[in-house]
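Participant:
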Amino acid sequence: MLAALGWPILVFALHGTLGSWPLLMMGAGLLAWRVPQARLLALGVAALLLAAGVMGHAELGMRAYPVAVNAIMLALFLTSLARGTPIVERLARLREPDLSAAGVRYTRRVTWAWCGFFMINGTLATWTVLYADLAVWSLYNGVISYGLIGLMFGSEWLLRQRLRRTLT
Numbered sequence: 000m001l002a003a004l005g006w007p008i009l010v011f012a013l014h015g016t017l018g019s020w021p022l023l024m025m026g027a028g029l030l031a032w033r034v035p036q037a038r039l040l041a042l043g044v045a046a047l048l049l050a051a052g053v054m055g056h057a058e059l060g061m062r063a064y065p066v067a068v069n070a071i072m073l074a075l076f077l078t079s080l081a082r083g084t085p086i087v088e089r090l091a092r093l094r095e096p097d098l099s100a101a102g103v104r105y106t107r108r109v110t111w112a113w114c115g116f117f118m119i120n121g122t123l124a125t126w127t128v129l130y131a132d133l134a135v136w137s138l139y140n141g142v143i144s145y146g147l148i149g150l151m152f153g154s155e156w157l158l159r160q161r162l163r164r165t166l167t
């Protein structure tokens, strides 16, 4: 789990010693293991990263790991909106099984907000893959991106608390 979360920092620390190929293979394995809810999709995306390596772009495949994670998460959240119960509603029902209609609408909007986050974060991660050096790539994908995720969680939590106070 720690390797999956710290992937960009691990790459930055080990790339000079190991090179792109071993890290690409480790990243593809982590990707397939990290997202059990979308195992088939994760395996397909991991195969695409490995294919980039086979085609002579191992560093590109290795660096695309955060892009792949954002794409898979976006696909999971969008799919949950299209069919079944949105992911955020499922999580909310763990704490509040009898979620109100307003709560259901709110969780749907939050799921859409996460979709927007994954699109923007994935776009920025893609930019770092294509145009940034390894240090900037590691900084964005290993530090800044996680800070933005924390900011998103914290902001939503504060908004939810405020909405609850106004509804009660």
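The sequence shown finishes on residue 167 if you use numbering that gives the first Met the number 0, and the numbering steps up by one all the way, no holes.
Ideal placement from N, C-alpha and C gives every residue a C-beta, glycine not left out.
(1) Counting along the chain, where does the alpha helix (DSSP H) carrying Ala50 start and finish?
(2) Using three-state DSSP, classify Gly83 as helix, strand or coil.
(3) If you compare alpha carbons, which of Ala81, Gly83 and Gly102 is closest to Ala91?
(4) Measure the Cβ-Cβ separation of Thr110 and Ser79 and say whether it is below 8 Å.
(5) If you compare alpha carbons, which of Pro7, Ala31 and Ala51 is closest to Trp20?
(6) Roughly how many whole angstroms lie between the Cα atoms of Ala31 and Ala41?
(7) Does the stretch 118-130 come close enough to the stretch 81-99 to have 3 or more Cβ pairs within less than 8 Å?
(8) Return the first residue and the last residue of the alpha helix (DSSP H) that Gly26 is part of.
(9) Going by the CB atoms, is the gap between Arg62 and Trp136 shorter than 8 Å?
(10) Run the CB neighbour count on Gly146, radius 10 Å, all protein chains shown included, and call it buried at 16 or more, exposed below.
(11) In its own chain, which residues sit with a C-beta less than 7 Å from the C-beta of Cys114, not counting the 5 before and 5 after it?
(12) Please classify Ala144: does DSSP put it in a helix, a strand, or coil?
(13) Can you tell me where the alpha helix (DSSP H) with Ser137 in it begins and where it stops?
Facilitator: Once the coordinates are examined:
(1) Along the sequence shown, one-based indexing puts residue 50 at 51. Note, Ala50: alpha helix (DSSP H), Arg38 to Val53.
(2) The residue labelled residue 83 in the question sits at position 84 within the sequence shown. Here Gly83 sits in coil by DSSP.
(3) The residue labelled residue 91 in the question sits at position 92 within the sequence shown. Checking every option, the nearest Cα to that of Ala91 belongs to Gly102.
(4) If you number the sequence shown from 1, residue 110 lands on position 111. If you number the sequence shown from 1, residue 79 lands on position 80. Contact flag set, yes.
(5) Translated into positions along the sequence shown, residue 20 becomes position 21. Of Pro7, Ala31 and Ala51, the residue nearest in Cα terms is Ala51.
(6) What you label residue 31 is simply residue 32 of the sequence shown in a count that begins at 1. What you label residue 41 is simply residue 42 of the sequence shown in a count that begins at 1. Ala31 and Ala41: Cα-Cα distance of roughly 5 Å.
(7) no
(8) In the sequence shown, residue 26 corresponds to position 27, counting from 1. Residues Ser19 to Arg33.
(9) Along the sequence shown, one-based indexing puts residue 136 at 137. Along the sequence shown, one-based indexing puts residue 62 at 63. Their beta carbons are under 8 Å apart, which means Trp136 touches Arg62 by this criterion.
(10) The residue you call residue 146 lines up with position 147 of the sequence shown. So Gly146 counts as exposed.
(11) Counting from 1 along the sequence shown, the entry for residue 114 is found at position 115. Hits under 7 Å: Leu73, Phe76 and Leu77.
(12) Here residue 144 is taken as the residue at index 145 of the sequence shown, counted from 1. One detail in the question is off: residue 144 reads as Ser in this sequence, not Ala. Three-state result, Ser144: helix.
(13) By one-based count along the sequence shown, residue 137 stands at place 138. First-last of the alpha helix (DSSP H) with Ser137: Leu133 to Leu138.
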